[in-house]
Amino acid sequence: MRVKLLFAFLFVSGVLLAQNGQAPLSQGEKQLNMGLGFNGSGIPIYGGIDFAVHDDVTLGPQVNLLIDDESSFSVAFRGDYHFNRLLNIPSNWDVYAGANAGLGIGDDFPLELGIQIGGRWYWSDKWGLNLEFGGGKNFGTTLGVSMKF
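For the sequence shown, my numbering begins at 4 and goes up steadily by one.
Next up, the structure:
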């Protein structure tokens, strides 16, 4: 709960201090995302790549592993809309929402659909901290790092 409150405070502070909205990734750029999650079913681990197909839109693959009594694995494709330019947020912050679809390996019903909302804070030109809520069947809250390349 404290992590969620901290993120909310940082997000609101970033929005209030915003001076000029800029896309965190420009069209043609990409970033690697990886991290861990928290939910009632186990420990989710994820990794993926975002490709900026527009200054406000990213698409890309993601792999998910849920570690519990019966570990599961899925491969997904996700898309996100980034609100920086719309909300006039500086580029060292990133606020986004999107949807994902994937296939679970070894599941009785392999189709997995979900939505996500999240944010990033870039502490350098290359590295950022990512917090996301939602994500679909196996994911709740995830925390990780992002690396632009």
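Glycine is no exception: its CB is placed at the ideal position from the N, C-alpha and C atoms.
By the C-beta criterion, the stretch 128-135 is judged not to be in contact with the stretch 53-64, since fewer than 3 inter-stretch pairs fall below 8 Å. A straight-line Cα-Cα distance of about 22 Å links Pro27 and Leu39. For Leu39, the uninterrupted beta strand (DSSP E) run begins and ends at Lys33 to Phe41, by DSSP. By the Cβ neighbour-count rule, Trp126 is exposed, with fewer than 16 other Cβ atoms within 10 Å of its own.
In the three-state scheme derived from DSSP, where H, G and I count as helix and E and B as strand, Asn87 is classed as helix. In the three-state reduction of the DSSP assignment, Lys151 falls in the strand class.
Between Gly101 and Glu115, the gap from beta carbon to beta carbon reaches 9 Å or more. Collapsing the DSSP output to three states places Asp72 in coil. Cα atoms of Ile118 and Gly137: separation of roughly 6 Å, rounded to the nearest angstrom. With respect to the 9 Å criterion, Phe86 and Asn103 are not classified as neighbours on the basis of their beta carbons. Within the model, the alpha-carbon separation for Gly147 versus Ser77 is close to 18 Å.
In the three-state DSSP reduction, Ile46 falls in the strand class (E or B). When the alpha-carbon of Asp71 is set against those of Gly45, Ile120 and Trp124, the nearest one is in Gly45.
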